[in-house]
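What follows is a set of notes on a single structure, which appears directly below.
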Amino acid sequence: MTIISHLYAFVVGVDTHAKNHVYSVLTKSGEHVDTATFPTTKAGIKRALTWAGRRTGGDLETLWVIEGIGTYGAILADHVAEAGYTVAEAASMNARDRHATGKDDRIDARRIAGAVLSMDESRLRFPRQADGPRQGLRILVKARESMTREKTRTINALTALLRGQDLGVDARRKLSMVTIQTVAKWRIRDESVALTEARREAIRLAKRVVELDAEIKDYAARIEALVKDSPGAALLAEPGIGPITAAVFYLAWSHHGRVRSEAAFAKLAGVCPIPASSGNVVRFRLNRSGDRRLNSALYM
Numbered sequence: 041m042t043i044i045s046h047l048y049a050f051v052v053g054v055d056t057h058a059k060n061h062v063y064s065v066l067t068k069s070g071e072h073v074d075t076a077t078f079p080t081t082k083a084g085i086k087r088a089l090t091w092a093g094r095r096t097g098g099d100l101e102t103l104w105v106i107e108g109i110g111t112y113g114a115i116l117a118d119h120v121a122e123a124g125y126t127v128a129e130a131a132s133m134n135a136r137d138r139h140a141t142g143k144d145d146r147i148d149a150r151r152i153a154g155a156v157l158s159m160d161e162s163r164l165r166f167p168r169q170a171d172g173p174r175q176g177l178r179i180l181v182k183a184r185e186s187m188t189r190e191k192t193r194t195i196n197a198l199t200a201l202l203r204g205q206d207l208g209v210d211a212r213r214k215l216s217m218v219t220i221q222t223v224a225k226w227r228i229r230d231e232s233v234a235l236t237e238a239r240r241e242a243i244r245l246a247k248r249v250v251e252l253d254a255e256i257k258d259y260a261a262r263i264e265a266l267v268k269d270s271p272g273a274a275l276l277a278e279p280g281i282g283p284i285t286a287a288v289f290y291l292a293w294s295h296h297g298r299v300r301s302e303a304a305f306a307k308l309a310g311v312c313p314i315p316a317s318s319g320n321v322v323r324f325r326l327n328r329s330g331d332r333r334l335n336s337a338l339y340m
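One gets my numbering by counting positions in the sequence shown from 1 and adding 40 to each.
This is the structure:
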C-alpha cells in the first residue's frame with residue numbers, strides 16, 4: 041500500500057468553473073502553500089501552470105487533482121498532462137463535511153487537494169484518455185443520444201396530433217416509419233382551418249422524424265467505423281454486442297489501468313448490489329449510482 045503523500049511532494053487541487061478556476065497547493069504533509077484564481081482561457085491556464093510551478097519549485101512530482109474533468113476541467117486537464125504532470129479526477133465531496141466547514145471556492149480547492157493525501161494510489165481516478173478515436177466516439181454517441189431523444193419526442197407529438205385530429209390516419213397504435221414517411225409526403229388540402237393547420241403541423245413533424253431517422257443511421261455507421269478502429273473492436277465479436285453498446289463500453293473503460301477489476305467495472309456501471317443489512321436481516325438493494333449510460337447499455 042502506497043499513499044499519495046509518499047509519492048508526490050505537492051498536490052494541487054482545482055475547483056473548476058465556467059469563467060475561473062481556483063487552485064490550491066499543498067505540500068505532502070498537508071501544509072497550505074498558496075491559493076489563487078485564474079481565468080479559464082488559454083492564457084489563464086498558462087498563468088496558472090507558471091504560478092503552480094513557482095510554488096512547487098518546478099517539481100514534476102506534483103499531483104494535480106481536478107474537479108469536473110469531463111466538463112469544466114477538461115481543457116485544463118489536457119494542458120496539465122501536456123506539461124508533464126500526473127492528473128487525477130477529484131473525488132465527490134462529502135456533504136456532511138461541506139456543511140461543517142462551509143461552501144467557498146478557495147475552501148473547496150484546498151479540500152480537493154487534501155482529500156487525496158492519505159489515499160492509496162490504487163484508489164486514484166485517472167481521467168479518460170482524449171485520444172482521437174475515443175474523443176470522436178464520445179462526441180458521436182452523445183449526439184446520437186440527443187437525436188434519438190428528439191426523435192422520440194417528435195413521434196410522440198405527431199401521435200398525439202393524429203389522435204386528436206381526424207386526418208385519416210389510425211394512430212391507436214404505435215406509428216410505423218412507413219406511416220410517418222407517408223404523412224411527410226402529404227400535401228395541404230382545401231379543408232377547414234383547424235384541419236389545414238393540423239395537417240401542416242403533422243407534415244412538419246413527420247419530415248423531422250424522417251430527417252432524424254436518417255441522421256441516426258448515419259451516426260450509427262460512423263460509430264461502427266470508429267469502434268472497429270479502436271481497442272473496443274474485440275467487443276463486436278461477443279454475442280449480443282453491437283456497435284453502439286461496444287462504443288459505450290469502450291468509452292467507460294477508456295484505457296488500460298482506469299478500471300482495476302471486474303468488481304470495479306460493476307461499481308462503475310452501477311450494477312453491484314449495495315449491502316442494506318440490519319441485525320439478523322441480510323439483504324441488498326439495487327445500486328442506482330454509477331455511469332447510467334453504461335448501465336443502460338448493459339441491459340439493451
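The beta-carbon is built from N, C-alpha and C at its ideal position, and this holds for glycine as well.
If you're wondering where the values come from, they're calculated on a predicted model, not measured in any experiment.
Reduced DSSP category for residue i - H, G, I as helix; E, B as strand; rest coil
i           : result
residue 226 : coil
residue 165 : strand
residue 60  : strand
residue 279 : coil
residue 66  : strand
residue 284 : helix
residue 76  : strand
residue 345 : Nothing about residue 345 can be read from this structure; the chain reaches only from 41 to 340.
residue 84  : helix
residue 263 : helix
residue 109 : coil
residue 207 : coil
residue 321 : strand
residue 273 : helix
residue 103 : strand
residue 313 : coil
residue 144 : coil
residue 93  : helix
residue 71  : coil
Beta carbon of residue i nearer than 8 Å to that of residue j
i           : j           : result
residue 63  : residue 75  : yes
residue 239 : residue 229 : yes
residue 102 : residue 50  : yes
residue 209 : residue 246 : no
residue 42  : residue 145 : no
residue 275 : residue 281 : yes
residue 310 : residue 325 : no
residue 164 : residue 128 : yes
residue 272 : residue 261 : no
Neighbour-count burial assignment, residue i, 16 or more Cβ in a 10 Å radius
i           : result
residue 181 : buried
residue 304 : exposed
residue 334 : buried
residue 150 : buried
residue 85  : buried
residue 46  : exposed
residue 111 : exposed
residue 212 : exposed
residue 314 : exposed
residue 279 : exposed
residue 338 : exposed
residue 206 : exposed
Integer-rounded CB distance, given that residue j should sit under 8 Å from residue i
i           : j           : result
residue 267 : residue 220 : The pair is not a contact, with the Cβ atoms about 29 Å apart (cut-off 8 Å).
residue 308 : residue 322 : Going by Cβ atoms, the distance from residue 308 to residue 322 rounds to 25 Å, so no, they are not a contact pair.
residue 234 : residue 198 : Their Cβ separation, rounded to whole angstroms, is 17 Å, which puts residue 234 and residue 198 out of contact at 8 Å.
residue 214 : residue 252 : Not a contact, Cβ separation roughly 16 Å.
residue 61  : residue 92  : 11 Å between Cβ atoms; not a contact.
residue 248 : residue 194 : 5 Å
Quiz item: Per the contact definition of three or more C-beta pairs closer than 8 Å, is the stretch 51–64 in contact with the stretch 95–115?
Solution: In the pairwise beta carbon analysis, the stretch 95–115 is classified as touching the stretch 51–64: at least three pairs are separated by under 8 Å.
Quiz prompt | At least 3 beta-carbon pairs within less than 8 Å: the stretch 67–86 vs the stretch 145–159 | solution = Enough Cβ pairs lie closer than 8 Å, so yes.
Quiz item: Is the stretch 249–269 touching the stretch 176–193 in the sense that three or more CB pairs, one from each, lie closer than 8 Å?
Solution: At 8 Å Cβ cutoff, the stretches touch.
Quiz item: Are at least three pairs of beta-carbons, each pair with one atom in the stretch 286–295 and one in the stretch 173–182, less than 8 Å apart?
Solution: A contact exists between the stretch 286–295 and the stretch 173–182.
Practice problem: Determine, using beta-carbon pairs with one atom in the stretch 94–101 and one in the stretch 109–119, whether at least three such pairs fall under 8 Å. | Solution: With a cut-off of 8 Å, the stretch 109–119 and the stretch 94–101 do not count as touching, because too few Cβ pairs lie within range.
Quiz item: So does the stretch 262–278 actually touch the stretch 200–219, counting three or more Cβ pairs closer than 8 Å?
Solution: In this structure the stretch 262–278 does not lie against the stretch 200–219, because fewer than three pairs of beta carbons, one per stretch, are closer than 8 Å.
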